[in-house]
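Residue numbers (the UniProt record's numbering): 1 to 206.
C-beta: ideal position from N, C-alpha, C; glycine also.
What you are looking at is a predicted structure, and each value in this text was computed from that prediction instead of being measured.
Notes to accompany the following structure.
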Ligand SMILES: [Zn+2]
């Protein structure tokens, strides 16, 4: 009997250990607001091949749909084609206070040769430095994923950027007026890739 006690304890220890959950680092929950620019009667950049408001809405919905990471919460300012004022967007953003705001847009130019992505942050933002840091990293991420080329991160006093109390970036995804960009922006697979690049980037935010 005496001899059986240590054996029993050993077994109990073994059994109890098998129920111990593996030690995992607590993963931070990341909240991101994706703001699809324009909407409703505000078409944004327009060509016979499509409108900015619909292209950014399609990509925005893909970001929400393709997100399988339970630690990433995707909030949308609009998920339908409707008018939404800039100040209403700012209210939504500042109520949620996410880790990051990405306002998605599509460019247009009378110079059809003009092409590529552009990233904007605002000097006037209370989160300017963090916004610029994240914008540079996001730009690198898109470059690594072979998206359209992009210029250096630029500064502009866009309303959404100035009013957001959290890091915020305006992303111009490409030029609707450029043949290559247009084919890219309206292609289903490329839109999926844009969405997954953003999701992958957001999931790595610290
Ligand atoms: Zn726009």
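Boundaries of the alpha helix (DSSP H) in which residue i is found, first to last residue
i           : result
residue 88  : 86-96
residue 156 : Per DSSP, residue 156 belongs to no alpha helix (DSSP H) and is neither H nor E.
residue 187 : Looking at the DSSP string, residue 187 is not in any alpha helix (DSSP H), and its letter there is neither H nor E.
residue 152 : Looking at the DSSP string, residue 152 is not in any alpha helix (DSSP H), and its letter there is neither H nor E.
residue 64  : 52-66
Any C-beta of chain D under 7 angstroms from that of residue i
i           : result
residue 197 : This model lacks chain D altogether, as it is built from one protein chain only.
Whether residue i touches residue j by CB criterion (7 angstroms)
i           : j           : result
residue 62  : residue 74  : no
residue 40  : residue 56  : no
residue 112 : residue 178 : yes
residue 159 : residue 170 : no
residue 161 : residue 174 : no
residue 202 : residue 91  : no
residue 121 : residue 137 : no
residue 126 : residue 153 : no
residue 87  : residue 117 : no
Residue i - DSSP class collapsed to helix/strand/coil
i           : result
residue 206 : coil
residue 172 : strand
residue 27  : coil
residue 46  : strand
residue 166 : coil
residue 201 : helix
residue 195 : helix
residue 1   : Confidence in residue 1 is poor, its pLDDT being 48 and thus under 50, which makes the residue's placement too unreliable to answer from.
Spatially closest choice to residue i from the options, by CA coordinates
i           : options              : result
residue 98  : 77, 142, 140 and 81  : 77
residue 200 : 33, 66, 28 and 51    : 66
residue 103 : 180, 176 and 34      : 34
residue 195 : 51, 58, 70 and 47    : 58
residue 141 : 124, 187, 51 and 193 : 193
residue 115 : 42, 206 and 148      : 148
residue 94  : 123, 167 and 45      : 167
Checklist entry - Which ranges does the beta strand (DSSP E) cover as unbroken runs of at least 3 residues, wholly within the region 74-150, from first to last along the chain? => result 100-107 and 118-121
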